[in-house]
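Chains as they are written, first to last, in the working numbering: chain A, 2 to 411; chain B, 229 to 468. Beta carbons: idealized from backbone N, C-alpha and C, even for Gly. Read the structure below first, then the notes.
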């Protein structure tokens, strides 16, 4: 194979000579690569956007809550109401050592928080101190609820981002100030800026979080909690603990341990898995469609190169007659094919990067839609390989042209 | 002997096998100016193709410059064509999208000569053939005679020992035909290049020093023509 400046000029010339043909063929590759990269970037951005909703939430958490019994048991009628309590949490923690965390929360909806002339509709949430292991707060100011707050039923609160923005439009550290939440006055000790959107007992940004003991007293709940959140220790499948949890709770509250309607389990893991599976499916489709389009483009290039070779039989024959070796001809056709593919494809890469950038601008940088550099390099390599594959069959055919064949074609 | 053919046979296989060359014996010395004459279908072009290693033969022996040309690999054949043999064709066979200069330098490209050197050499040859001003023109902007001269420049550029011309005047009028033949005769005389011309025109054959008559795939007669008076019509001109 001989390579010099003229080799490349010749390739350029032959691509430009059939300008519209090269453009149309190149468009297939261009569009294929654009589709592939745009969809990959888009899928990844969407996933990230969706992922933001789960921000801060322990992905292996189990949330359980009480509902009316559905089976008669031990002399009790069905459809009896019951409640989970603080004691259940202690009991579960003690009897199931595989649990990493067990914590409870109570909530009241539809309350309004007031500070001077500012108001904000809130979710009033009482929590145990270790609730932060389930839903990690992103503290902007101050601290979170502590064990001491719970034990002494302090009238303190941590407010969410939305509450903070509505009550303190002027900004600044609100810690130490007092707001009125529903019927009571509370001292702010912290501001939680997490924006997770998992709405199990009110979303974090519109929450006013207080010690669970204080909330229970205020709401007349005794020792009851609305939900209990659990996480298993690392390496333990959380669903394997379900029947033990059911038995422990059922014995205490005298309902049938097989009564699935009485104690409801909600596995966040399943939810995360579902989203994961969904995006794996989306990803699969993206690659299928993208690679399919790209492949169709490559086949187009291969086809056009076939036509080119056919058209240039005489020319190739002349070259052979004046001393071109078969490998000279082979490399010439291959290089033309690679040049066409790589040029068109690079434009596809550039265009998709541009469009993805635009998408990022429109979504105001909430998620990274842009493909990374590695993906771009990978697709450029893929292009070169595709170009070679596309050029292979036509080049082999060109190689078979004998000089006399060219003379006969006259 | 530069070229020696011993009982060369060639059969075109096909629906109806065609025995084109039926045992050709021919010797051509270095520096000769030979024409191969025959009617169409006599096998003269096939013979030329075999001489130029463009085609292979079925049996017999072809010795070129002391080497048996048989079962050469494509690469070897290409190297022979590139360095030892120059081709001139009836239809010029210039590459239409390349300028005269680029056409002439193409054999050097396949020889692996550097770009600058290629260009200056090609320019030199075009100049010798009086085409300096046409170097940047494309074949379709030139007359037949000019095109053939470009083709001759291309065939000469690698300093071949042999020039094979297949009906070099077939597409030219009588005046340019004479010019081209005179050019070939000069080349033969001044540079001692062996030239073999295939033609069916007696006037063209008459310009050469030796005429090989071929008929039905066999050599009929070898005629010494150093006096250039073989043709009844062609002593003074080439009849068209």
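- Name, please, each residue of chain A whose Cβ falls closer than 7 Å to the Cβ of residue 377 (chain B). Within chain A, no residue comes near residue 377 (chain B); the closest Cβ sits about 16 Å away, beyond 7 Å.
- Confirm, please, whether the CB-CB distance from residue 306 (chain B) to residue 321 (chain A) is below 8 Å. Cβ distance < 8 Å, so residue 321 (chain A) and residue 306 (chain B) count as in contact.
- For residue 288 (chain B), which three-state DSSP category applies? If DSSP states are grouped into helix, strand and coil, residue 288 (chain B) belongs with the strands.
- Task: Output the boundary residues of the alpha helix (DSSP H) element that contains residue 400 (chain A).
- Result: According to the DSSP assignment, residue 400 (chain A) belongs to the alpha helix (DSSP H) that extends over 374–400.
- Query: Closest to residue 295 (chain B) by CA distance: which of B:403, B:426 and B:233 is it?
  - Reply: Considering only alpha carbons, the answer is B:233.
- Item | Delimiting residues of the alpha helix (DSSP H) encompassing residue 145 (chain A) | Counting along the chain, residue 145 (chain A) sits inside no alpha helix (DSSP H), nor does DSSP assign it H or E at all.
- Write down the C-beta distance between residue 135 (chain A) and residue 302 (chain A) rounded to the nearest angstrom, noting that I regard them as a contact closer than 8 Å. Actually they do not touch by this definition, with Cβ atoms about 55 Å apart.
- Show which residues of chain A have a CB atom less than 7 Å away from the CB atom of residue 283 (chain B). Going along chain A in sequence order, the residues near residue 283 (chain B) (Cβ under 7 Å) are 405.
- Have a look at residue 271 (chain A) and residue 51 (chain A) and give me their C-alpha separation to the nearest angstrom. A direct Cα-Cα distance of roughly 15 Å separates residue 271 (chain A) from residue 51 (chain A).
- Item | For residue 319 (chain B), the nearest candidate out of B:377, B:257 and B:390 (CA to CA) | The closest CA to that of residue 319 (chain B), considering only B:377, B:257 and B:390, is found on B:377.
- Within 8 Å, strictly: CB atoms of residue 347 (chain B) and residue 334 (chain B): Taking the C-beta atoms as reference points, residue 334 (chain B) is found no nearer than 8 Å to residue 347 (chain B).
- Task: Output the boundary residues of the alpha helix (DSSP H) element that contains residue 298 (chain B).
- Result: Counting along the chain, residue 298 (chain B) falls outside any alpha helix (DSSP H), and DSSP gives it neither H nor E.
- Task: Starting from the Cα of residue 159 (chain A), find the closest Cα among A:64, A:400 and A:205 and give me that residue.
- Result: Ranking A:64, A:400 and A:205 by Cα distance to residue 159 (chain A) puts A:205 first.
- Item | Residue range of the beta strand (DSSP E) that includes residue 421 (chain B) | Run containing residue 421 (chain B): none; DSSP gives neither H nor E here.
- Query: Helix or strand or just coil, what does DSSP make of residue 116 (chain A)?
  - Reply: DSSP, reduced to helix, strand and coil, places residue 116 (chain A) within a strand of the structure shown.
- Message: What does the alpha-carbon distance come out to for the pair residue 287 (chain A) and residue 37 (chain A)?
- Response: Straight-line Cα distance between these residues: approximately 7 Å.
- Task: State the CB to CB distance for the pair residue 426 (chain B) and residue 393 (chain B), rounded to an integer number of angstroms; the pair is presumed to be in contact (CB under 8 Å).
- Result: About 7 Å separates the beta carbon of residue 426 (chain B) from that of residue 393 (chain B), a gap short enough to meet the 8 Å contact definition.
- Query: Which residues in the same chain as residue 406 (chain A) place their Cβ atom closer than 8 Å to its Cβ, once the five residues preceding and following it in sequence are excluded?
  - Reply: Once the five neighbours on either side are set aside, the close Cβ partners of residue 406 (chain A) are 314 and 318.
- Query: Buried or exposed: residue 395 (chain A), going by 16 or more other Cβ atoms within 10 Å of its Cβ?
  - Reply: Using a 10 angstroms sphere on the CB of residue 395 (chain A), the tally of other CB atoms reaches 16 or more, which defines it as buried.
- Message: Is residue 422 (chain B) near the ligand GDP - that is, is its Cβ less than 7 Å away from at least one heavy atom of it?
- Response: In terms of ligand content, the structure shown is empty, and the ligand GDP therefore cannot be addressed.
- Are residue 388 (chain A) and residue 326 (chain A) touching if we call contact CB-CB under 8 Å? No, Cβ-Cβ distance for residue 388 (chain A) and residue 326 (chain A) is not below 8 Å.
- Query: Whose Cβ in chain B lies nearer than 7 Å to the Cβ of residue 316 (chain A)?
  - Reply: For residue 316 (chain A), the C-beta contacts it makes with chain B under 7 Å involve 323, in order along the chain.
- Item | Short-range partners of chain B found in the segment 320–334 of chain A, where Cβ spacing is below 9 Å | Correct list: 320, 321, 322, 323, 324, 325, 326, 327, 328 and 329.
- Item | 6 Å CB neighbourhood of residue 66 (chain A) in its chain, flanking five on each side removed | If we look at residue 66 (chain A) and ignore the five residues flanking it on each side, its Cβ neighbours are 228 and 265.
- Query: Closest by CA to residue 369 (chain A), which one among A:19, A:16, A:9 and A:48?
  - Reply: It is A:48.
- Query: How would you label residue 345 (chain A), buried or exposed, when you count the other beta carbons within 10 angstroms and need 16 or more for buried?
  - Reply: Taking all protein chains in view, the Cβ of residue 345 (chain A) is crowded by 16 or more other Cβ atoms within 10 Å, so the residue is classified as buried.
- Query: For residue 176 (chain A), which residues does DSSP report across the bridge?
  - Reply: Residue 176 (chain A) is not bridged to any residue.
- Query: Is there contact here, the segment 106–120 of chain A with the segment 179–189 of chain A, by at least three beta-carbon pairs under 8 Å?
  - Reply: The segment 106–120 of chain A vs the segment 179–189 of chain A: in contact.
- Message: So the candidates are A:311, A:82 and A:168; which of them puts its Cα closest to the Cα of residue 72 (chain A)?
- Response: Between residue 72 (chain A) and the set A:311, A:82 and A:168, the nearest pair of CA atoms involves A:82.
- Message: By the three-class DSSP mapping on this structure, what secondary structure does residue 350 (chain B) have?
- Response: Residue state, collapsed to three classes: helix.
- Query: Fully enclosed by the segment 360–431 of chain B, which alpha helix (DSSP H) runs are 4 residues long or longer?
  - Reply: Runs found: 372–384 and 402–419.
- Message: Using only CA atoms, which one of B:456, B:453 and B:442 lies nearest to residue 254 (chain B)?
- Response: Ranking B:456, B:453 and B:442 by Cα distance to residue 254 (chain B) puts B:442 first.
- Leaving out five residues on either side along the sequence, give the residues of the same chain with a beta carbon under 7 Å from the beta carbon of residue 254 (chain A). If we look at residue 254 (chain A) and ignore the five residues flanking it on each side, its Cβ neighbours are 83.
- Task: Kindly list the residues whose CB is nearer than 7 Å to the CB of residue 453 (chain B), restricted to its own chain and excluding five residues on each side of it in sequence; keep chain order.
- Result: 434, 436, 437, 438 and 439, listed in sequence order.
- Message: Report the CB separation of residue 400 (chain A) from residue 331 (chain A) in whole angstroms; it is logged as a contact under 8 Å.
- Response: Between the beta-carbon of residue 400 (chain A) and that of residue 331 (chain A) there is about 5 Å, and that keeps the pair under the 8 Å contact cut.
- Neighbouring residues, chain B, relative to residue 277 (chain A) (Cβ below 9 Å): Going along chain B, no residue has its Cβ under 9 Å from residue 277 (chain A), so there is no contact; the nearest lies around 56 Å.
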